[in-house]
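Numbering (this note's numbering), first residue to last: 31 to 255.
And the structure:
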């Protein structure tokens, strides 16, 4: 699936390189967006690396969704190509699923998803669809052991910061000639992290690998200058 999307992205980029510059030549090189963003992670366990609890058979986990404000800043180095970064902080819990249904494993994880994407645009008058791709670095902040893992004698939890990859698609819609517009955007992240739980002495007791792979869907306003 990733290979197919990459091939499509490359084909669009090649087409844009051969497309004559249109009215977008007169647009500004900078664009900022204020967006409402739904962060929809997976969170399931893909591997149990250490289990001195032990976990019951069929143990699984899931992360909850969240909606947060997002700021995006974009620089156009040509009419058809740009680079974009986003700024947001999203908070999630990891709860048990399957045999662990009804349990809380990690509480109030704050995630800073540092992301940069290279975007290829196809200006069609006021409507400008685009695709993009780029690296991401998820930084996990202030994660806490959940109520259930605390009750098991594991008062501390830690998730590893990780490098991942993001694919992106969306559309910018200009509102008149003043630089203002609307923006719709969807990103799919591909990222894993390891969750570790420790006892009161700081000894690691439980370690699980998790698939995050969130969908990040945004809508909002833009200004290009």
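Note that the Cβ used here is the ideal one computed from N, Cα and C, for glycine as well. Note that this is a predicted model, so its numbers are computed, not measured.
Under 8 angstroms between C-beta atoms of residue i and residue j
i	j	result
residue 216	residue 194	no
residue 61	residue 74	no
residue 149	residue 125	no
residue 203	residue 173	no
residue 142	residue 102	no
residue 135	residue 67	no
residue 192	residue 233	no
residue 219	residue 196	yes
residue 94	residue 123	yes
Residue i versus residue j: straight-line alpha-carbon distance, rounded
i	j	result
residue 235	residue 175	13 angstroms
residue 76	residue 198	25 angstroms
residue 207	residue 166	33 angstroms
residue 53	residue 205	Residue confidence for residue 53 is low, a pLDDT of 40 falling below 50, so the modelled location carries little weight and cannot support an answer.
residue 244	residue 132	22 angstroms
residue 105	residue 63	12 angstroms
residue 242	residue 58	36 angstroms
residue 85	residue 129	9 angstroms
residue 184	residue 169	22 angstroms
residue 237	residue 71	20 angstroms
residue 116	residue 182	38 angstroms
residue 154	residue 121	37 angstroms
residue 41	residue 114	Residue placement at residue 41 is poorly supported in this model, since its pLDDT is 43, which falls under 50; the coordinates still yield a value, given next. Between residue 41 and residue 114, the C-alpha separation is close to 20 angstroms.
residue 247	residue 221	17 angstroms
residue 37	residue 161	Any reading at residue 37 needs caution, since the residue's pLDDT is 42, under 50, leaving its predicted position unreliable; the model's value is listed next. Between residue 37 and residue 161, the C-alpha separation is close to 12 angstroms.
residue 69	residue 231	35 angstroms
residue 163	residue 87	38 angstroms
residue 55	residue 109	With a pLDDT of 44 at residue 55, under the threshold of 50, the predicted position of this residue should be treated as unreliable, and no value is reported.
residue 228	residue 100	33 angstroms
Range of the contiguous alpha helix (DSSP H) that encloses residue i
i	result
residue 180	177-181
Residue i Cβ short of 7 angstroms to the ligand MN heavy atom set
i	result
residue 193	Ligands are entirely absent from the displayed structure, and the ligand MN is therefore not among its contents.
Limits of the unbroken beta strand (DSSP E) element including residue i
i	result
residue 226	222-228
residue 196	192-204
residue 251	245-254
residue 124	120-128
residue 163	157-171
residue 81	74-81
residue 93	89-93
residue 238	234-241
residue 186	186-189
Paired residues, beta bridge with residue i - DSSP
i	result
residue 111	108 and 150
residue 66	99 and 249
residue 140	121 and 171
residue 211	204 and 252
residue 217	198 and 246
Cβ-Cβ separation, residue j to residue i (assumed contact under 8 angstroms), whole Å
i	j	result
residue 254	residue 211	7 angstroms
residue 119	residue 146	Going by Cβ atoms, the distance from residue 119 to residue 146 rounds to 17 angstroms, so no, they are not a contact pair.
residue 177	residue 225	Their Cβ separation, rounded to whole angstroms, is 15 angstroms, which puts residue 177 and residue 225 out of contact at 8 angstroms.
residue 151	residue 112	7 angstroms
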